[in-house]
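In our numbering, the protein residues as written are 8 to 203.
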C-alpha cells in the first residue's frame with residue numbers, strides 16, 4: 008500500500024514574517040495558561056517573553072529582540088498599575104519611539120476587568136497579545152467575556168495569556184483550549200492537573 012504524503016499548511020496563521028517569535032517562545036497565535044502562587048515568577052516570566060533583551064541592548068546602542076513579537080499588548084487585570092507593568096508600558100513607549108533602525112510599531116493598553124473589549128474589535132492585521140492577570144476569582148460574567156479569547160480568536164491575530172493562582176481555579180473551557188501550559192510553584196498537585 009502506498010503512503011500518502013501529508014503536509015500542514017498554516018497559511019492563515021502568520022500574517023507577516025516580522026512577527027516570527029524566538030524559537031523557544033510560543034508561535035502566534037497561542038493560548039497560554041500560567042499557574043502559580045504569589046511570588047512564583049508568573050509575571051516575571053511574561054515580562055521576559057514580552058521584553059526579551061531588547062531594552063537592555065537599546066541602552067547599549069545595540070539591537071535586541073523581544074521573544075514574543077506582538078504589535079499590541081493589552082493587559083486586563085486588577086493590579087494594572089503595579090511597577091512591573093509600568094516597566095512594560097514604559098518599554099513599549101521606548102520601542103515605539105526608538106531610532107528608526109530599532110523602532111517598532113507597538114502599543115500598550117491596560118484595562119480593568121469590567122472593560123474587557125469585544126474580541127471582534129481587534130485588527131487581524133496586527134498580532135495582539137492579551138494578558139488576563141489574576142482574574143480567576145472574578146464573576147462568571149467576567150469569565151464569560153474572557154472565554155472567547157481562548158476558543159475562537161486565533162484567526163483574529165490574538166494570542167491570549169491567562170494568569171492564575173491555581174490550575175483548578177481556571178475555568179475548564181479555558182484549560183481545554185490552551186496551546187501552552189506553565190506551572191510554577193504552588194500551582195496545584197499532579198492530581199489537580201491529571202485528565203479527568
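We treat Cβ as the ideally placed atom computed from N, Cα and C, and that holds for glycine.
- prompt: Quick one: Cα of residue 10 to Cα of residue 75, how far?
  reply: For this step, residue 10 is matched to residue 3 along the chain shown. For this step, residue 75 is matched to residue 68 along the chain shown. Whole-angstrom Cα-Cα distance: 38 Å.
Buried versus exposed call for residue 36 [16 or more other C-beta atoms within 10 Å across all chains shown]: Within the chain shown, residue 36 is the residue found at index 29, counting from 1. Residue 36 comes out buried.
query: With DSSP run on the structure shown, which of helix, strand or coil describes residue 187?
result: The count along the chain shown starts at 1 and reaches residue 187 at position 180. Collapsing the DSSP output to three states places residue 187 in a strand.
field: For residue 118, three-class secondary structure by DSSP
entry: What you label residue 118 is simply residue 111 of the chain shown in a count that begins at 1. Looking at residue 118 - three-state DSSP - the assignment turns out to be strand.
field: From 183, 116, 176, residue whose alpha carbon lies closest to that of residue 43
entry: The residue you call residue 43 lines up with position 36 of the chain shown. Relative to residue 43, the option among 183, 116, 176 whose CA is nearest is 176.
query: Can you name the start and end residues of the beta strand (DSSP E) that residue 135 belongs to?
result: Counting from 1 along the chain shown, the entry for residue 135 is found at position 128. For residue 135, the uninterrupted beta strand (DSSP E) run begins and ends at 135 to 140, by DSSP.
message: Under 8 Å, Cβ to Cβ, is there at least one residue of chain B near residue 64?
response: Protein chains in the displayed structure number just one, and chain B is not present.
query: Are residue 123 and residue 87 touching if we call contact CB-CB under 8 Å?
result: Residue 123 sits at position 116 when you count from the first residue of the chain shown. Residue 87 sits at position 80 when you count from the first residue of the chain shown. Remark: C-beta atoms of residue 123 and residue 87 do not approach each other more closely than 8 Å.
- request: Find the nearest neighbour of residue 56 within the set 110, 46, 138, 101, judged by alpha-carbon distance.
  value: Numbered from 1 along the chain shown, position 49 holds the residue referred to as residue 56. Selection 110, 46, 138, 101 evaluated against residue 56 yields 138 as nearest (Cα-Cα).
field: For residue 117 and residue 71, the rounded distance between their alpha carbons
entry: Indexing the chain shown from 1 puts residue 71 at position 64. Indexing the chain shown from 1 puts residue 117 at position 110. Distance between the alpha carbons of residue 71 and residue 117 is about 25 Å.
task: Determine the burial state of residue 94: buried for a count of at least 16 other Cβ atoms within 10 Å of its Cβ, exposed for fewer.
output: As a first step, residue 94 is located in the chain shown; it is residue number 87 there, counting from the start. So residue 94 ends up on the exposed side.
- request: Please report how far the alpha carbon of residue 114 lies from the alpha carbon of residue 136, in whole angstroms.
  value: Taking the chain shown and counting its residues from 1, one reaches residue 114 at position 107. Taking the chain shown and counting its residues from 1, one reaches residue 136 at position 129. It is roughly 10 Å from the alpha-carbon of residue 114 to the alpha-carbon of residue 136.
task: Would you mind stating whether residue 33 and residue 39 have Cβ atoms separated by less than 8 Å?
output: To locate residue 33, count along the chain shown from 1; it is residue 26. To locate residue 39, count along the chain shown from 1; it is residue 32. Yes, they are a contact pair.
query: Say the cut is 7 Å; is the CB of residue 93 nearer than that to a heavy atom of the ligand FAD?
result: Only the bare structure without any ligand can be found here, which leaves the ligand FAD out of the picture.
task: Specify, as a first and last residue, the run of the alpha helix (DSSP H) that residue 95 falls within.
output: Within the chain shown, numbered from 1, the residue matching residue 95 stands at position 88. Element bounds for residue 95: 90 to 104.
- prompt: Is DSSP giving residue 79 helix, strand or coil here?
  reply: Position 72 of the chain shown, counted from the first residue, corresponds to residue 79. In the three-state scheme derived from DSSP, where H, G and I count as helix and E and B as strand, residue 79 is classed as strand.
query: Straight-line CA distance for residue 185 to residue 96?
result: As a position in the chain shown, residue 185 is number 178, starting the count at 1. As a position in the chain shown, residue 96 is number 89, starting the count at 1. So the two alpha carbons sit approximately 26 Å from each other.
- request: Return yes when the Cβ of residue 156 is within less than 8 Å of the Cβ of residue 165, no when it is not.
  value: Counting from one through the chain shown, the residue named residue 165 turns up at place 158. Counting from one through the chain shown, the residue named residue 156 turns up at place 149. For residue 165 and residue 156, yes; Cβs fall inside 8 Å.
- prompt: So what does DSSP say about residue 154, is it helix, strand or coil?
  reply: Translated into the one-based positions of the chain shown, residue 154 becomes position 147. Looking at residue 154 - three-state DSSP - the assignment turns out to be coil, as it is neither helix nor strand.
- prompt: From residue 21 to residue 103, what does the alpha carbon distance come to, in whole angstroms?
  reply: Taking the chain shown and counting its residues from 1, the one referred to as residue 21 is at position 14. Taking the chain shown and counting its residues from 1, the one referred to as residue 103 is at position 96. Confidence in residue 21 is poor, its pLDDT being 48 and thus under 50, which makes the residue's placement unreliable; the coordinate value appears in the next sentence. Taking the CA atoms as reference points, residue 21 sits about 22 Å from residue 103.
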